[in-house]
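Here the sequence shown stands for residues 529 to 843, numbered as in the working numbering. Cβ coordinates follow ideal geometry from the N, Cα and C atoms, glycine included. Just so you know, these numbers come straight off a predicted model, no measurement behind them. Single-structure report; data block below.
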Amino acid sequence: MMRLYEKLQAGSYPNCQKLADELEVSSKTIQRDFDYMRDQLELPIEYNESQFGYYFTKPVGSFPGLQVTEGEVLALFVAQKALQQYRGTSFERPLRAAFERVCERLGDQIDFQWNDVNSAISFRGIGATVADLDLFEKVSRAVFNSHEIEFDYKKVPASRYEMRRVQPYHLGCIENQWYVFGQDLVRRQLRTFALPRMRKLRDTGVAFHRPADFSIAKLLGGSFGVMSGNGRHRVRVRFDAFAARLVSEREWHASQKIRRLPEDEIELTMTLSGLKEVERWILSWGLHARVLEPPELVRCIREVSETLAGRYGEG
Numbered sequence: 529m530m531r532l533y534e535k536l537q538a539g540s541y542p543n544c545q546k547l548a549d550e551l552e553v554s555s556k557t558i559q560r561d562f563d564y565m566r567d568q569l570e571l572p573i574e575y576n577e578s579q580f581g582y583y584f585t586k587p588v589g590s591f592p593g594l595q596v597t598e599g600e601v602l603a604l605f606v607a608q609k610a611l612q613q614y615r616g617t618s619f620e621r622p623l624r625a626a627f628e629r630v631c632e633r634l635g636d637q638i639d640f641q642w643n644d645v646n647s648a649i650s651f652r653g654i655g656a657t658v659a660d661l662d663l664f665e666k667v668s669r670a671v672f673n674s675h676e677i678e679f680d681y682k683k684v685p686a687s688r689y690e691m692r693r694v695q696p697y698h699l700g701c702i703e704n705q706w707y708v709f710g711q712d713l714v715r716r717q718l719r720t721f722a723l724p725r726m727r728k729l730r731d732t733g734v735a736f737h738r739p740a741d742f743s744i745a746k747l748l749g750g751s752f753g754v755m756s757g758n759g760r761h762r763v764r765v766r767f768d769a770f771a772a773r774l775v776s777e778r779e780w781h782a783s784q785k786i787r788r789l790p791e792d793e794i795e796l797t798m799t800l801s802g803l804k805e806v807e808r809w810i811l812s813w814g815l816h817a818r819v820l821e822p823p824e825l826v827r828c829i830r831e832v833s834e835t836l837a838g839r840y841g842e843g
């Protein structure tokens, strides 16, 4: 639109077809931009039949500035800053560039300096993965274009890579780790793949239609993290006073309920589709957490505890 504005200011009577060829877009795109500039930005644009092009019907001082508040710019900054914990993806650089351009366009509307908040707000992720930018961009492009992909994949307990062919439905970041969710065409099942365990990815160019009933919210609705399951487990965990306040400060699952107990302890209840991820989470609290149910989770925690006791026993 800035290019169109410059053409109009020069009085060269630009038209859709010539501009489309020059800017390498469709003539419909140019037409939509002219319509937007006239109807939304209220610029005095009309079409001259004899000159076969558009022109300004009266002098225009400058291109309309962006009407945003300082709070809105700050919100944009926080969003951009948050994504820095995912450095190495294709999001970081474009978002920072976009934010800086927004600030440039604001002119004198507000007094807002990047460095003022850059030193005041930060995000830090522990255990963030080092992303393969080329692989990330290939996967995201395949998701957006609905193209099948092929890649080598190594599961956590496996010693070698296996070739997979997948219809990627969704790309998501969970606990500082990027995953692609899609239909494994060989296994004929919906599977989850961690990007750091993928290599030699190739976009096959074969298009597919993502199922209309696919929903990432529904898929992960019962999971504690990224591992979805088919079960339905009522999990109850008791936390002592030390952990109670820390646990209460966050939402760990949409189904969670917290019951206050004597001596500042709490009981956390959740309904989950699987137990493996919540088992690791409970173990991270050490002696501050005690599983009450289900029995299979109590048994797993006890077995791990006995193994650790043997590993760290005297002698």
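(1) Taking the C-alpha atoms as reference points, what is the distance between H761 and V806?
(2) Counting along the chain, where does the beta strand (DSSP E) carrying T797 start and finish?
(3) Identify which residue in S756, G841, H781, S668 has its Cα closest to the Cα of R764.
(4) Please report the straight-line C-alpha distance between G700 and K785, rounded to a whole angstrom.
(5) Can you list, in chain order, the residues of its chain whose CB lies under 7 angstroms from that of G753, leaving out five sequence neighbours each side?
(6) Write down every uninterrupted run of the alpha helix (DSSP H) in the stretch 700–764 whose length is 4 residues or greater and which is fully enclosed by it, in chain order.
(7) How big is the Cα-Cα spacing for L803 and L747?
(8) Pull up the distance between the alpha-carbon of E676 and that of R727, whole angstroms please.
(9) Mapping the DSSP letters down to three states, classify L571 as helix, strand or coil.
(10) Do the CB positions of P592 and L569 come within less than 8 angstroms of each other?
(11) Using a Cβ distance threshold of 8 angstroms, determine whether the stretch 789–800 contacts the stretch 722–741, with at least three qualifying pairs required.
(12) Suppose you measure from the CA of S756 to the CA of M565; what does that come to, to the nearest Å?
(13) Excluding sequence positions up to five away, which residues of its chain have a Cβ less than 6 angstroms from the Cβ of W787?
(14) Assuming V708 contacts V775 under a Cβ cut-off of 8 angstroms, what Cβ separation, rounded to an integer in Å, is found between them?
(15) Can you check which of these residues, G710, R715, V671, is closest to E690 by C-alpha distance?
(16) Kindly indicate the opening and closing residues of the alpha helix (DSSP H) around E897.
(17) Could you have a look at M565 and say whether DSSP puts it in helix, strand or coil?
(18) In the DSSP assignment, find the unbroken beta strand (DSSP E) run with E821 in it and report its ends.
(19) Can you give the Cα-Cα distance for R560 and A603, rounded to whole angstroms?
(20) Please work out which residues of its chain come closer than 7 angstroms, Cβ to Cβ, to I744, disregarding the five sequence neighbours upstream and downstream, and give them in chain order.
(21) State the start and end residues of the unbroken alpha helix (DSSP H) segment that holds K804.
(22) Taking 8 angstroms as the threshold (C-beta atoms), are Q695 and L723 in contact?
(23) With a 10 Å radius around its C-beta and 16 neighbouring C-beta atoms as the bar for buried, classify R839 as buried or exposed.
(24) Can you give the beta carbon distance from R730 to E665, rounded, assuming they're within the 8 angstroms contact cut?
(25) Below 8 angstroms CB to CB, which residues in the same chain sit around L820 once its five sequence neighbours on both sides are set aside?
Taking the geometry as given:
(1) Their backbone Cα atoms lie some 11 angstroms apart in a straight line.
(2) First-last of the beta strand (DSSP E) with T797: 794–800.
(3) When C-alpha distances from R764 are compared across S756, G841, H781, S668, the shortest belongs to H781.
(4) In this model, G700 and K785 are separated by some 26 angstroms (Cα to Cα).
(5) Around G753: I702, E703, E805.
(6) Correct list: 744–747.
(7) Going by C-alpha positions, L803 is about 16 angstroms away from L747.
(8) Cα to Cα, the separation comes out at about 15 angstroms.
(9) Correct three-state label for L571: coil.
(10) Contact flag set, yes.
(11) These segments do not touch.
(12) For S756 and M565, the distance between alpha carbons rounds to 47 angstroms.
(13) Contrary to the premise, residue 787 reads as Arg rather than Trp in this sequence. Answer for R787: E795, listed in chain order.
(14) At roughly 31 angstroms, the Cβ-Cβ gap does not stay under 8 angstroms, so V708 and V775 are not in contact.
(15) Of G710, R715, V671, the residue nearest in Cα terms is R715.
(16) The requested residue 897 is not part of the displayed model; the chain covers only 529 to 843.
(17) Helix.
(18) That run of the beta strand (DSSP E) goes 817–821.
(19) Looking at the two C-alpha atoms, the distance is approximately 29 angstroms.
(20) Contacts found: H698, G700, F709.
(21) Start and end: 804–812.
(22) Going by C-beta atoms, L723 is not nearer than 8 angstroms to Q695.
(23) The C-beta of R839 has fewer than 16 other C-beta atoms within 10 Å across all chains shown, which makes the residue exposed.
(24) Contact between R730 and E665 does not hold, since their C-beta atoms are separated by about 13 angstroms, which reaches or exceeds 8 angstroms.
(25) For L820, where only same-chain residues beyond five positions count, the Cβ hits under 8 angstroms are R764, V765, R766, E795, V826.
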